[in-house]
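Undergrad: Everything in the sequence shown is counted per this note's numbering, starting at 1000 for the first residue and increasing by one.
For glycine and all other residues, C-beta sits at the position ideal for the given N, C-alpha and C.
Being a predicted model, the structure only gives us computed values, none of them experimental.
Dumping the structure here so I can ask a few things about it.
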Amino acid sequence: MSESVTPLEQLSAWKALETNAASLKETHLRELFTSDPKRGERLTAEAAGIFLDYSKHRVTDETLKLLLQLAEESGLRAKIDAMFRGDKINITENRAVLHVALRAPKSEKIFVDGKDVVPEVHEVLDRMSVFADSIRSGKWLGYTDKPIKNIVNVGIGGSDLGPVMAYEALRHYSDRDLTFRFVSNVDGTDFAEATHDLDPEETLFIISSKTFTTLETMTNAHTARAWVLGKLEHQAAIAKHFVAVSTNAAEVSKFGIDTANMFGFWDWVGGRYSMDSAIGLSTMVAIGPENFRALLAGFHEMDEHFRTTPFEKNLPVLMGLLAVWYNDFFDAQTVGVLPYDQYLKRFPAYLQQLTMESNGKHVTLDGRHVTYETGPIFWGEPGTNGQHSFYQLIHQGTKLIPCDFIGFFKSLNPLGRHHDLLMSNVFAQAEALAFGKTAEELRAEGIAEWLVPHKTFEGNRPSSVILTEKITPATLGKLVALYEHSVFTQGAVWQIDSFDQWGVELGKVLAVRIIPELENTDEPALKHDSSTNALIRRYRAHK
Ligand code: F6P
């Protein structure tokens, strides 16, 4: 239950933004830049070593003033305070939302139901550190006394995407003598390919599941157990080759993992906000406890920036408000996330769960169907690869796609001219999207008249450019927290619960009902719609 609030569209800032958007529809970024030569320096913000250029957005000072007013009228300040205070802002699950506590220093106190949760967070971190060190130093031995060389994280959604993304992003800092694999899909191919060249005697599985009931993860975990026992033959091997990360101790021990080898977290950590909890165990083993703590410190720095900085200089707030602007006033359906660093190749996939599981909601906190658009579709690929694939549509297609370009001043692999060539593309793409190329410019170049329309770039396509020094554990933490809090800002404006995920339930329930219909040898009496019935019959006939 929640108290009712003023509907979003009745807020005065919302109404004023509608008028502002209508007046801006025909205004080109070229005009905005020409009329304000300092725009490119003015519409920027910097905090925690992250620089944001938001000048290439279709906004005026009036727009920005109204967006900030919208944040105020939406009660964003009070909502931020409520989250950091540990209030149960995930109202449909009656839970606090405290991923920020996962990276709080020991000196902080954050209460849930009257209990300070910070000491528990640090206790788990300390246990994780001991475990990670014992693997990294070769002290943790498998059942046949061989050191562990391979770590396989088994998990899905937030129990997979964060660990994979962080491992890929921080590979440079990882122990190269260890092999890391990630199994998520219930498709047996995932497990088979991840383990085909591994020796069970040298392999440790981290079974990562908040609930420890997720179909995919439990299926893969049982397959992993059979794989290990297939070679090692004794149940006692399980204790040496399996650890668990979960909130569900009962299910962990039912599976056969000693709870002494379980790393816990709490119901106030959402799956998609959990890469900095014990779910990050594989990350910690890969990069070491010290680097993991640097990652947490990066998160915390951005948390503090979000919590304390006035909205007009607050990076996540600005990004969140700009996302609302295009989504609700320009009919933009999607956001492109374009990291110009190969290490961030899984960052867009990670953001997809963070953003879309959080803000893909169609009712407000007080249960009304929204009358405006909520969460946009996030997608992307690292640059420059995307340029040779889908950028054509961003430049000359009919859809407005605001983009986030993410670039770094320094490469972790400085090779000849590579990094300058890479970064020249960041700046060039943002420039081309904003300013385009006019028919007059083409004619001046002598382009044949019939080709002019094809070669014209309308421009006026908005983007942010985010720059920071180089990929480090700390910068990764800052970047993830930047998006987490941008998502929070959007959800606060849209008056939705960004922290539940009921939308994934129905499909899971129906799949469980269908499993026996595929496996039974007797012809089952199918009670689905005619399409589902026919598909199941066809599958049974051909499998
Ligand atoms: O399918 C949705 C979801 O609940 C995600 O929110 C979560 O990250 C994922 O499943 C995995 O859940 P678990 O960690 O409990 O296995």
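(1) Select from Ile1286, Ala1243, Val1284 and Asp1275 the residue whose C-alpha is nearest the C-alpha of Gly1297.
(2) Considering only heavy atoms of ligand 1, does any lie closer than 7 Å to the CB of Ser1136?
(3) Given this structure, state the Cα-to-Cα distance separating Lys1024 from Leu1399, to the nearest angstrom.
(4) Would you mind listing the alpha helix (DSSP H) stretches within the region 1168-1220 that are 4+ residues and don't spill past its ends, in chain order?
(5) Taking 7 Å as the line, does the beta carbon of Lys1360 fall inside it for any heavy atom of ligand 1?
(6) Grab the span of the alpha helix (DSSP H) containing Gly1506 for me, first residue to last.
(7) What does the alpha-carbon distance come out to for the pair Met1283 and Glu1444?
(8) With distances taken from CA atoms, which of Ile1256, Ser1136 and His1417 is nearest Thr1383?
(9) Nearest to Lys1064 by alpha carbon, out of Leu1016, Lys1055 and Met1082?
(10) Flag Arg1345 as yes when its Cβ comes closer than 7 Å to any non-hydrogen atom of ligand 1, and as no otherwise.
(11) Reducing DSSP to helix, strand and coil, say where Thr1488 ends up.
(12) For ligand 1, is there a heavy atom less than 7 Å away from the beta-carbon of Gly1157?
(13) Just verifying my parser: in three-state terms, what is the DSSP assignment at His1299?
(14) What residue from Pro1461, Pro1199 and Met1261 has the CA that sits closest to Met1318's CA?
(15) Alpha carbon to alpha carbon, what distance is there between Gln1341 and Gly1141?
(16) Alpha carbon to alpha carbon, how far is Ser1158 from Met1000? Give it in angstroms, no decimals.
(17) Within its chain, find whatever has a CB closer than 6 Å to the CB of Thr1143; leave out the 5 residues flanking it on each side and keep chain order.
(18) In the structure shown, what three-state DSSP assignment does Ser1462 receive?
(19) With a threshold of 7 Å (Cβ to nearest heavy atom), would Lys1209 be considered close to ligand 1?
(20) On a CA-only basis, which of Leu1169, Ala1524, Val1464 and Gln1494 is nearest Ile1049? Give me that one, please.
(21) Would you say the beta carbon of Glu1092 comes nearer than 7 Å to a heavy atom of ligand 1?
(22) Go to Glu1045, then tell me how far its beta strand (DSSP E) extends in each direction, as first and last residue.
(23) With three or more C-beta pairs closer than 8 Å as the rule, is the region 1360-1373 touching the region 1424-1434?
(24) Taking the alpha carbon of Val1492 as the reference point, which residue from Leu1042, Tyr1371, His1453 and Leu1411 has its own alpha carbon closest?
(25) Tyr993: which of Ser1106, Phe1407 and Ala1100 sits nearest, CA to CA?
(26) Please go through the region 1014-1094 and give each complete beta strand (DSSP E) segment of 3 or more residues, from N-terminal end onward.
(27) For Thr1216, is the beta carbon positioned less than 7 Å from some heavy atom of ligand 1?
(28) Taking the straight line between their C-alpha atoms, what separation do you get for Phe1110 and Val1503?
(29) Spatial neighbours of Ser1208 within its chain, please: C-beta separation below 7 Å, excluding the five flanking residues on both sides.
(30) Using DSSP's beta-bridge definition, name the partner residues of Phe1110.
(31) In three-state DSSP terms, what is Met1274?
(32) Take Lys1114 as the anchor and find which of Met1127, Pro1104, Leu1124 and Ala1095 has the nearest alpha-carbon.
(33) Looking at C-alpha atoms only, which residue of Thr1178, Leu1197, Ala1259 and Asp1403 is the closest neighbour of Tyr1482?
(34) Just the Cα atoms here: how many angstroms apart are Phe1130 and Ala1238?
(35) Taking the alpha-carbon of Ala1259 as reference, which of Asn1149, Arg1126, Gln1386 and Trp1139 has the nearest alpha-carbon?
TA: On the basis of the coordinates in this document:
(1) Asp1275
(2) no
(3) Straight-line Cα distance between these residues: approximately 12 Å.
(4) Given a length threshold of 4 residues, each whole run of the alpha helix (DSSP H) inside the region 1168-1220 is given here in chain order: 1187-1194.
(5) no
(6) Glu1504 to Glu1518
(7) 56 Å
(8) His1417
(9) Leu1016
(10) no
(11) The DSSP-derived three-state label of Thr1488 is helix.
(12) Yes, Cβ of Gly1157 sits closer than 7 Å to a heavy atom of ligand 1.
(13) helix
(14) Pro1461
(15) 34 Å
(16) Interpretation of Met1000 is limited by its pLDDT of 49, a score under 50 that renders its predicted location unreliable; the figure taken from the coordinates is listed afterwards. In this structure, the alpha-carbon of Met1000 lies about 29 Å from that of Ser1158.
(17) So the list reads Glu1200, once near-sequence residues are dropped.
(18) strand
(19) yes
(20) Residue Val1464 holds the alpha-carbon nearest to the alpha-carbon of Ile1049 among Leu1169, Ala1524, Val1464 and Gln1494.
(21) no
(22) Unbroken beta strand (DSSP E) run through Glu1045: Thr1043 to Ala1046.
(23) no
(24) Tyr1371
(25) Look at the range of the chain in this structure, 1000 to 1542, and you will see that residue 993 is not part of it.
(26) DSSP assignment within the region 1014-1094 yields the following whole beta strand (DSSP E) runs of 3 residues or more, N-terminal first: 1043-1046 and 1049-1052.
(27) yes
(28) 30 Å
(29) Counting only Cβ-Cβ distances below 7 Å, and skipping sequence neighbours, we find Gly1154, Ser1158, Thr1216 and Ser1245.
(30) Answer by DSSP bridge pairing, in chain order: Asp1115.
(31) The answer is coil: DSSP assigns Met1274 none of H, G, I, E or B.
(32) Checked all of Met1127, Pro1104, Leu1124 and Ala1095; the closest Cα to Lys1114 is Ala1095.
(33) Asp1403
(34) 13 Å
(35) Checked all of Asn1149, Arg1126, Gln1386 and Trp1139; the closest Cα to Ala1259 is Arg1126.
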